[in-house]
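In the working numbering, the protein residues as written are 8 to 150. Please read the structure below before turning to the comments.
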């Protein structure tokens, strides 16, 4: 009886460890088809689909850079991106969002040049606060 209980507990422990490993590894959404690597004489060139970089300082997100495709060129030390979205969050947690068709990031200096239908959207605190403070009320009209 004790041996059967030990075997049952061992099987349960193996199942829990397997499930924990599966749930941990399933969080990573990167697949081999999202990244292409080519080796040249100057270095390694990389192409990444669904590119995303988040910069945090002291646990607070400061900015986020997203692109549909990013091509990293080691010889020029640049990263060319298409369908770029850049989100900057200031100290008051106000978001500044910039969208562009394409962009080039200088890897050494972190300069970002955006081109083609560049649009900047600033989160308005006035409208946001008004919706938070005023509950939606329905007026009843009598016929």
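Each residue gets a CB set at the ideal place from its N, CA and C atoms; glycine is no exception.
By the 10 Å Cβ neighbour count, where 16 or more other Cβ atoms means buried, how is residue i classified, buried or exposed?
i: residue 129; result: exposed
i: residue 131; result: exposed
i: residue 79; result: buried
Taking the alpha carbon of residue i as the reference point, which residue from the options has its own alpha carbon closest?
i: residue 70; options: 78, 79, 60 and 77; result: 60
i: residue 62; options: 97, 42 and 32; result: 97
i: residue 94; options: 73, 113, 114 and 81; result: 73
i: residue 84; options: 32, 115 and 58; result: 115
Assign residue i to one of three DSSP states: helix, strand, or coil.
i: residue 10; result: helix
i: residue 24; result: helix
i: residue 64; result: strand
i: residue 30; result: helix
Going by the CB atoms, is the gap between residue j and residue i shorter than 8 Å?
i: residue 111; j: residue 126; result: no
i: residue 108; j: residue 122; result: yes
i: residue 55; j: residue 24; result: no
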